[in-house]
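To start, the structure itself, in structure tokens.
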Amino acid sequence: MKKQKRDRTSTLFNRGFMAGINGRSREECPVQTVELRSHWMSGWREGREAHWGGMSGVSAIQANPSLH
973 MKKQKRDRTS
983 TLFNRGFMAG
993 INGRSREECP
1003 VQTVELRSHW
1013 MSGWREGREA
1023 HWGGMSGVSA
1033 IQANPSLH
């Protein structure tokens, strides 16, 4: 059975979310193109909100269902 590739934008969003939840700086964004960077930054913002809200570990994953 072939594995279906994920959309690049959703992957970047999820990585940004994980960076935000782990308290990393937004300056650590690995993407330089504006369109793709915006997806990473969106995930980072949501991750930071979850981080500031006290979520970590499993509760953070529940905040973003796409990480399941």
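The opening position of the sequence shown corresponds to residue 973 in this note's numbering, with each subsequent residue numbered one higher. Ideal placement from N, C-alpha and C gives every residue a C-beta, glycine not left out. These numbers were taken from a predicted model, which means no experiment stands behind them.
Separation of residue j from residue i, as counted between CA atoms
i	j	result
M1073	C1001	Residue 1073 lies beyond the stretch modelled for the chain, which goes from 973 to 1040, so this question has no answer here.
R998	R978	23 Å
T981	H1011	6 Å
V1003	N994	18 Å
G992	W1024	10 Å
W1016	L984	10 Å
R943	E1007	For residue 943 there is no data in the structure shown, the boundaries of the chain being 973 and 1040.
G1026	G1019	11 Å
Closest Cα partner of residue i within the set the options
i	options	result
E961	L984, F989, T983, R1009	The structure shown does not extend to residue 961, since the chain is modelled only from 973 through 1040, so no value can be given for it.
Which of helix, strand or coil DSSP assigns to residue i
i	result
G988	helix
V1006	helix
R997	The residue asked about is misnamed: residue 997 is Ser in this sequence, not Arg. If DSSP states are grouped into helix, strand and coil, S997 belongs with coil.
R1017	helix
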